[in-house]
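Read through the structure below, which is laid out as structure tokens, and then see the notes.
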Ligand code: TYD
């Protein structure tokens, strides 16, 4: 196996999570009696460019075909984040009715809807038909295609280059990262700006977020590594924001190297140095990550077994991809968690891959007595606890599994570490 960015042989394993089904391969009831495909799930570190990555499976079509289960607009906090970004970007990049905003992986139009509100012309690129259709229903022009150099050339020849090119939580999903970034450079206007958001590898490692590793996420980025990738393609970083989203993300700002119209923020060198000081460029930094994941596995099992033995039922909230990594790595089935709740209509009435836990809508919360609610998308815990506080007031405990087992319960809902 070779590094997907620099082609260096990959000799170091960050973590081997065993075999798992694709995290978004939700099952219809009639599929439960059929064999289920699983693929090796092992994250490697390139000792040349330090890109952390999961091998692309030969048969990865199945993995891609499942991506349409993800609808960005399911989180109110994420929508608020998108709205704030649009306000900021409009001002900072001086966007007006003549500008063009292009978003790669525009999903259901969760972000471009706010540019539309401002009258700023925008174009979404979204390969999944279900989400693309929802965006179109909102009046957002959406091309139902994978972004790559070919598409970039086509858009450029049609005069559809970008003043602002956005890619949120997409770079990790791209098997051919060089072709993708080359394409980004191609459709960026001479004085245009790129912004991209992605979970920060430093948080993934420091906070033992091993459950964010799954087949659909091919790559995991530090600021240093993303800089190498962009520079290789003639792009230059000019700013960075550290965000709380998805357990700690970066929003990077990039431009053409030859574009001297933008100042380079001191935040760029400050974060590069901070990462280097932490040791992100050294293999030793990654040691012990797998042992920390094993410890979380033992703690989650210990917790679920103890709840069960104390006569308390545990229900999962949020059929997130990361939840499936956790459940399958821990070997949890529907004897420990009889069902899960998710607001995504597409996931309801289906079963989680591997664990075969059934997924229901929030209506089920009303007809069930729930002692403990295990929040699998811990990245949304504030929003979920806020929304379901009424259950907490009736005695339900909320618990998150990563990086520690933390409970939140009435009356104060303050965090209490169990293990
Ligand atoms: P998320 O953590 O965003 O991503 P990933 O799948 O990459 O791990 O997944 C959130 C899931 O939780 C998604 O299926 C929607 C669901 N969800 C709810 O059901 N209710 C909510 O209030 C929120 C915020 C999310």
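Residue numbers (this note's numbering): 927 to 1345. No residue lacks a Cβ here, since even glycine has one placed at the ideal position from N, Cα and C.
Any non-hydrogen atom of the ligand TYD within 6 Å of residue i CB
i            : result
residue 1244 : yes
residue 1268 : yes
residue 1007 : no
residue 1015 : no
residue 1320 : no
residue 1309 : yes
residue 1248 : yes
residue 948  : no
residue 1145 : no
residue 1125 : no
residue 1306 : yes
residue 1303 : yes
residue 1122 : no
residue 1000 : yes
Residue nearest to residue i in terms of C-alpha spacing, selected from the options
i            : options                : result
residue 1175 : 1191, 1105, 1309, 1004 : 1004
residue 1060 : 1009, 1095, 1101, 996  : 996
residue 1322 : 1335, 1328, 1205       : 1335
residue 1033 : 1015, 1025, 1068       : 1068
residue 1345 : 1232, 1305, 1303, 1253 : 1232
residue 1193 : 946, 1090, 1149, 1025  : 1149
residue 1151 : 1019, 1187, 1098, 1048 : 1098
residue 1141 : 1342, 1338, 950        : 950
residue 1310 : 1330, 1339, 1041, 1075 : 1339
residue 1070 : 1086, 1089, 1049       : 1049
residue 1036 : 1147, 1261, 1094       : 1094
residue 1008 : 1237, 1240, 1123       : 1123
residue 1043 : 1028, 1013, 1211       : 1013
residue 1261 : 1320, 1328, 1238       : 1238
residue 1240 : 1209, 1294, 1210, 1187 : 1294
residue 1186 : 1172, 1116, 1195       : 1116
residue 983  : 930, 1337, 1082, 1000  : 930
residue 1058 : 1015, 1039, 1226, 1076 : 1039
residue 1200 : 1127, 1047, 1030       : 1127
residue 1298 : 1234, 1275, 1221, 1046 : 1234
residue 1147 : 1081, 1300, 980, 1027  : 980
residue 974  : 1000, 1290, 938, 1088  : 938
Bridge partner(s) assigned by DSSP for residue i
i            : result
residue 1050 : 1029, 1068
residue 1298 : 1240, 1323
residue 1124 : 1176
residue 1376 : With the chain represented from 927 up to 1345, any question about residue 1376 goes unanswered, as that position is not in the structure.
residue 941  : 969
residue 1078 : Residue 1078 is not bridged to any residue.
residue 1284 : 1277
residue 1147 : 1126
residue 979  : 970, 1145
residue 1088 : 1114
residue 1094 : 1123
residue 953  : 1277
residue 928  : 935
residue 1289 : Its beta-bridge partners do not exist; DSSP assigns none.
residue 1332 : 1326, 1343
residue 946  : 965
Below-7 Å beta-carbon distance, residue i vs any chain B residue
i            : result
residue 1025 : The structure shown contains no chain B; it is built from a single protein chain.
Cβ-heavy atom distance, residue i to the ligand COA, below 6 Å
i            : result
residue 1262 : As for the ligand COA, it is missing from this structure, which binds only the ligand TYD.
| task | Could you tell me whether the region 1271-1285 touches the region 955-974, using the rule of 3 or more Cβ pairs below 8 Å? | result | A contact exists between the region 1271-1285 and the region 955-974.
| In chain order, each beta strand (DSSP E) run of at least 3 residues that lies wholly inside the region 1226-1276 | 1240-1243
| query | Do the region 1261-1274 and the region 1129-1137 touch if we need at least three Cβ pairs shorter than 8 Å? | reply | no
| request: Mind listing, in chain order, the continuous beta strand (DSSP E) runs of no fewer than 3 residues lying wholly within the region 1156-1228? | output: The qualifying runs are 1161-1169, 1175-1182.
| task | Flag this pair as touching only if the region 1159-1167 and the region 1101-1112 have three or more C-beta atom pairs under 8 Å; answer yes or no. | result | The region 1159-1167 vs the region 1101-1112: in contact.
| said: Could you check whether the region 1249-1268 touches the region 935-953, counting it as contact only if at least three pairs of C-beta atoms, one from each stretch, sit closer than 8 Å? | reply: Three or more pairs of CB atoms, one per stretch, sit closer than 8 Å, so the region 1249-1268 contacts the region 935-953.
| query | If we count Cβ pairs, one from each stretch, closer than 8 Å, do we get three or more for the region 1290-1308 versus the region 1238-1249? | reply | Touching, per the Cβ criterion.
| query | Counting Cβ pairs closer than 8 Å, one from the region 1123-1132 and one from the region 1190-1207, do we hit at least three? | reply | Yes, they touch.
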